[in-house]
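The opening position of the sequence shown corresponds to residue 0 in numbering that gives the first Met the number 0, with each subsequent residue numbered one higher. All residues carry an ideal CB built from backbone N, CA and C; glycine is no exception. All of these numbers come straight from a predicted model, not from anything done at the bench. Below is one structure, written out as structure tokens; the observations come after it.
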Amino acid sequence: MNIRRWILIIFPFIFLLYLSITPVVLAEKKEQPILKIEFKDGKFVKTETTREEEERKRKEGKKEKSLLKKIRN
């Protein structure tokens, strides 16, 4: 019975600690640059981009595709 009481007391603190650390880890991961190796003009080229730039490019691509669909219809 005493072990159950300690588990009930300690578990919420461990869980709250986990919840407080998780956003920090995710934020650090998001700031890391993305390395891409592309083949341009007969050479392999390394390019560094951030996740924000990749997300922005992807959103712009979706907008262009939706505009093309509207034009076709």
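Alpha carbon to alpha carbon, what distance is there between I2 and E47?
The residue given as residue 47 occupies position 48 in the sequence shown. The residue given as residue 2 occupies position 3 in the sequence shown. So the alpha carbons of these two residues sit roughly 52 angstroms apart.
Can you tell me the Cα-Cα spacing of R57 and T49, whole angstroms?
Position 58 of the sequence shown, counted from the first residue, corresponds to residue 57. Position 50 of the sequence shown, counted from the first residue, corresponds to residue 49. Computed Cα separation, rounded: 13 angstroms.
For L34: DSSP bridge partner residues
Counted from its first residue, the sequence shown places residue 34 at position 35. Answer is E47.
Proximity of I33 and E53 at Cβ, strictly below 9 angstroms:
Residue mapping note: residue 33 aligns to position 34 of the sequence shown, counting from 1. Residue mapping note: residue 53 aligns to position 54 of the sequence shown, counting from 1. Yes, these two residues count as a Cβ contact at 9 angstroms.
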